[in-house]
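In what follows, a single structure is set out as structure tokens and then discussed.
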Amino acid sequence: MEQEPEPAANTQAPDDASTIVVIGQRGSAITDIAPIAELDQDALAAIGATSIDDIRQAIQGQTQSASGGEPIFLLNSQRVSGYQEIGSLPPEAIAKVEVLPEEAALRFGYPPTRRVVNFITKRPFSQVEARVAAASTVPFGSATESARAGYTRLSGEARLTANLEYAHTDALDWSERDLALDPDIPFDALGNITGIGGGQIDPALSALAGRIVTIAPVPGLAGERSQLAAYAAAAGDPRLFQPGTLQTLAPGKDTITGEAVLADRVGETLAGSLTLSVAHSRTRTLNGPASARLIVPGDNAFSPFDDTVVLNRYLTEVGTLRDRQNTTTIAAGSTLRGAISGWQWDATASLNQTVTDGTSERGIDLSTANAAIAAGANPFAPLDPALLAARQTDVTHQRTRTVETKLVVTGSPLELPAGSATATATVEAARLSSVSSLRGESPFDLSLGRSRFEGGLALDLPIAKREMDVLPAIGDLSLNASANLRHVGGFGSLRDRTLGLVWSPIKGLQINASARRDEAAPDLAQQSTPPRRIEDVPVFDFASGRTEIVTLFTGGNPDLLAQRQSVKTLSLNIQPMEKSQLRFNLSYTDSHIRNQTGTIISNSPETEALVPDLFTRDANGTLTAVTYRPINFYSERLETVQVSITANGRLGEPPPPPAEGAPPVADTRPTYYAGLVPTFVLRDDLRLRPGTRALDLVGGDSVGGYKPQFSGYGYLGLNKEGYGGTFSFYYANARRIRSDIPSSDLRFKRLLQLNLTAYVPVSDLVREAGWAKNLQLRLDAQNFTDARQRVVDGNGTVPFRYQANLIDPIGRTVTLSLRKRF
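The sequence shown begins at -15 in this note's numbering and counts up by one.
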């Protein structure tokens, strides 16, 4: 059974490359910086979460920095070794959640680049839970089934959680979605004839058709395939191929995850924790039948053409091409903390390892088939499978591993008139390694290793304090500063520096300002991913406004440089009523970034001219090869404004006070939580190379994909005695990628996606059934209007590579789940 809470003791938060978590004492984290949002038990009940991830999703608008960074997480105002220490807890174990601005990260040994989320737990607490769920896309196409079991026990400093979860997702294939077929793809099961190099097929055929013919479908009747007139009848109108069940739009996947956390006191003065999480997934993808360009000589007895031609076919007489990938992830961590002479310290150590093994069938070796056709075999009949037995297969292996340890010491070195100065010192070391290999047509082996040693110091100095009558006319004012020096193997010395102030001129109003410079080495995976060459990939060519069939090169880039950036932020936090949880936050961020790592997808003529090594064209100007590998962008200037409005509480008048000597009257009013977070991109100028024109990513330039200038996220949750529901939305404004070519002048329509959830206690539906106690029935509808990103070009036509069902094949999903708590 669940137990009622008592005051919480200190626990800890994860230290993840993308997320940091803090767990602390009940009440606010130890900082003078006002929170952006606070969620008490009423607000958490209104969210109706079944996991910590549900809470994160509900408050994602408040936790994401204007620059897009993920938050730092704390548990009871303490650091943890990994996010799993918090993510493994059930939402019922959480008493309160606080969201703090980026400046608060300094207090916990992190640079002020991400916001801080502090989870505060109930004590004591004990719960066993079981959850089963079934989900499906609507319209149907892919189904997901999952099951989860978990145990949690909190008592004093002791904490034990254990969870096991399994999920299976069906693949989604082409037959389940309405997709127009692309006439620029020349392959078909029977085939389409083209000329060598894309030119005229045969002068005699052009004479019969009355125009120059560059493509013609193979006649459907076998007896007509040797007659030139049969090709002239449909000249210029290629036959299109429907992949159906032979190709997937979204892969099938099986995942199993187990995790455990153990925390307790170590002796009289120390506390610590151990965590372990293991996940294994299998992914399966169908890539459709192998494409083939079969060379048909003019002297082949079955060919009606005088010249050598190309037969573009899908080889449906043999099995479809497949991708298989197995991934195993291990995350282990430990923490130890204590205090010495008023100075608090905590040490964390972590191991994160990911091993990925993949097998990918790229195509079929056609040398034997082409030799047989050259010797007189019929190219228009199904080929003997023995001629197509040699599959071109890539076998890849990649292992990335990070071993890291960090010591953080916090205390007050001196007393100032306005309060205690706070100093936070950090020392950390890490070893990152990556081993990758590829076995196939182009074997590849790479082993990269990198050591990192880092030290840092952060100071928080109170200058004015209204309550202590120190410069009361100013209000509350404090200054903060930090400096970090790290040595990274292969990149030398990298430095971080920050300077900021926190000023509250009046109660309910706080102004935060900061300036920082930081330097960071690129992600090791971006450097070490095995290179791959994939033939006959359809891509949208912005230079021609049509689909081109290219050779695609992917993989990592071991020559990436370290990123350097300068960021200035100014934020305003307002809590207009002291006893109300209505809060407003306005944040402005101005970023200058050098050597940012990114991948170019959109090949406008200007972009191609700047990075010509990523794109290859033939003598006719046709795009033939594209490289999607990370590179360094010279510089970017990004200015954003983010607004956050949150409120939570109860609706209606409170119950009257009880009569003298009577027990308190239960407060059964509905609880609610609401949040609205719009983000505006004021400026986004990207310069790919020194001395070149900056691309205006707000004004119509692009290096890949849709990036809205204005977006917003909103959330509303209501709960009354176990009955409740949530509503959330995501909005992105219309956007245009400009081009002088109408078919490449893309207009991305505005996007509004809505999500609904409803849940009820089964015990109220099945009266007097003991098994129904603490059993919840829940229905989730994500993107319930099935909204997809719509794209049209300057002619009002939807480009085939930008069809909504290709951009987002999943669309609407509906999930029905049962969750039992013991």
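All residues carry an ideal CB built from backbone N, CA and C; glycine is no exception.
Point to revise | Val750 burial status per 10 Å Cβ neighbour count (16 or more: buried) | key: In the assembly as shown, Val750 is an exposed residue. Its beta-carbon has fewer than 16 other beta-carbons within 10 Å.
Point to revise | Exposed unless 16 or more other CB atoms sit within 10 angstroms - verdict on Thr259 | key: By the 10 Å Cβ count, Thr259 comes out buried.
Review point. Per DSSP, what kind of secondary structure is Thr573 in: helix, strand or coil?
Key: For Thr573, the secondary structure class from DSSP, reduced to helix, strand or coil, is strand.
Practice item. Indicate the three-state DSSP secondary structure (helix, strand or coil) for Thr300 in the structure shown. Key: Residue state, collapsed to three classes: coil.
Practice item. With Ala353 as the anchor, note down where its alpha helix (DSSP H) starts and where it stops. Key: Unbroken alpha helix (DSSP H) run through Ala353: 351 to 358.
Check your understanding: Which whole-angstrom value describes the C-beta separation of Asn464 and Gly440, a residue pair presumed to lie in contact below a C-beta threshold of 8 Å?
Key -> Not a contact, Cβ separation roughly 13 Å.
Exercise for review: Determine, using beta carbons only, whether Asn579 and Leu545 come nearer to each other than 8 Å.
Suggested key: Remark: C-beta atoms of Asn579 and Leu545 approach each other more closely than 8 Å.
Practice item. May I ask which residues mark the beginning and end of the alpha helix (DSSP H) holding Gly633? Key: Not the alpha helix (DSSP H): Gly633 falls in the beta strand (DSSP E), residues 615 to 634.
Practice item. Sort out for me which residues DSSP pairs Leu749 with in a bridge. Key: None; Leu749 has no bridge partner.
Review point. Is Arg415 closer than 8 Å to Ser396 when the C-beta atoms are compared?
Key: For the pair Ser396 and Arg415, the CB atoms are not nearer than the 8 Å cut-off.
Check your understanding: Under three-state DSSP, which class holds Leu802?
Key -> Strand.
Review point. Beta carbon of Leu144, beta carbon of Ile78: below 8 Å?
Key: Judged by beta-carbon spacing, Ile78 lies beyond the 8 Å limit of Leu144, meaning their Cβ atoms are not closer than that value.
Check your understanding: Which value, in whole angstroms, describes the spacing of the CA atoms of Leu700 and Val661?
Key -> A straight line joining the alpha-carbon of Leu700 with that of Val661 spans about 12 Å.
**Study point:** Buried or exposed (CB count within 10 angstroms, at least 16 for buried), Gly689
**Key:** Exposed, by the Cβ-count rule.
Check your understanding: From which residue to which residue does the alpha helix (DSSP H) around Gly45 run?
Key -> 44 to 47 is the span of the alpha helix (DSSP H), which, as asked, contains Gly45.
Practice item. Whole angstroms is fine: what's the gap from Val472's alpha carbon to Ala678's? Key: Val472 and Ala678: Cα-Cα distance of roughly 31 Å.
Practice item. Give the DSSP-derived three-state secondary structure of Ser888 in the structure shown. Key: With the chain covering -15 to 806 only, the question about residue 888 has no answer from this structure.
Check your understanding: CB-CB under 6 Å to Ser550, same chain, minus the five flanking residues each way: which ones, in chain order?
Key -> Hits under 6 Å: Arg501, His576.
Practice item. Just the C-alpha distance for Asp341 and Gly424, rounded to the nearest angstrom, thanks. Key: The alpha-carbon separation between Asp341 and Gly424 amounts to approximately 14 Å.
Point to revise | Exposed unless 16 or more other CB atoms sit within 10 angstroms - verdict on Arg99 | key: For Arg99, the number of other beta carbons within 10 angstroms of its own is at least 16, and it is reported as buried.
**Study point:** Closest Cα partner of Asp349 within the set Asp669, Ala276, Ile357
**Key:** Closest by C-alpha distance to Asp349, out of Asp669, Ala276, Ile357, is Ala276.
**Study point:** Straight-line gap, Arg734 to Arg91 (C-alpha atoms, nearest Å)
**Key:** Rounded to whole angstroms, Arg734 to Arg91 spans 40 Å at the Cα level.
Exercise for review: Look up Leu763 in the DSSP assignment and say whether it is helix, strand or coil.
Suggested key: DSSP, reduced to helix, strand and coil, places Leu763 within a strand of the structure shown.
Practice item. Can you give me the Cβ contacts of Gly708 inside the same chain, cut-off strictly under 8 Å, excluding the 5 residues immediately before and after it? Key: Excluding sequence neighbours, Gly708 sits near Ala29, Ala30, Gly32, Gly701, Leu702, Ala742, Tyr743.
Check your understanding: So which of Tyr657, Pro674, Asp680 has the shortest CA-CA distance to Asp668?
Key -> Of the candidates Tyr657, Pro674, Asp680, the one whose C-alpha sits nearest the C-alpha of Asp668 is Asp680.
Check your understanding: Of the residues Ile794, Leu802, Asn779, which one's Cα is nearest the Cα of Leu763?
Key -> It is Leu802.
Check your understanding: Helix, strand or coil for Thr535 per DSSP?
Key -> Thr535: strand per DSSP, three-state reduction.
Check your understanding: What number of angstroms, rounded off, separates the C-alpha of Asn310 from the C-alpha of Thr292?
Key -> Cα-Cα distance, rounded: 44 Å.
Review point. Would you say Ala402 and Ile447 are within 8 Å of each other, going by their C-beta atoms?
Key: At a Cβ-Cβ threshold of 8 Å, Ala402 and Ile447 count as neighbours.
Review point. Which ranges does the beta strand (DSSP E) cover as unbroken runs of at least 3 residues, wholly within the segment 154 to 206, from first to last along the chain?
Key: Fully enclosed beta strand (DSSP E) runs of 3 or longer: 176 to 179, 199 to 201.
Check your understanding: Are the beta-carbon atoms of Ser571 and Gln626 separated by less than 8 Å?
Key -> A contact, by the Cβ cut-off of 8 Å.
Exercise for review: Would you identify the three-state DSSP class for Asn557, choosing helix, strand or coil?
Suggested key: Correct three-state label for Asn557: strand.
Practice item. Classify Asp341 as helix, strand or coil using the three-state DSSP reduction. Key: In this structure, Asp341 counts as strand in the three-state DSSP scheme.
Check your understanding: Going by C-alpha distance, which of Ser190, Ser265, Thr663 is nearest Ala151?
Key -> It is Ser265.
Exercise for review: Would you decide whether Ser498 is buried or exposed? Buried here means 16 or more other CB atoms lie within 10 Å of its CB.
Suggested key: Buried.
Review point. Got a sec? Which residues, its chain only, sit under 6 Å from Arg820 by beta carbon, not counting five neighbours each side?
Key: The requested residue 820 is not part of the displayed model; the chain covers only -15 to 806.
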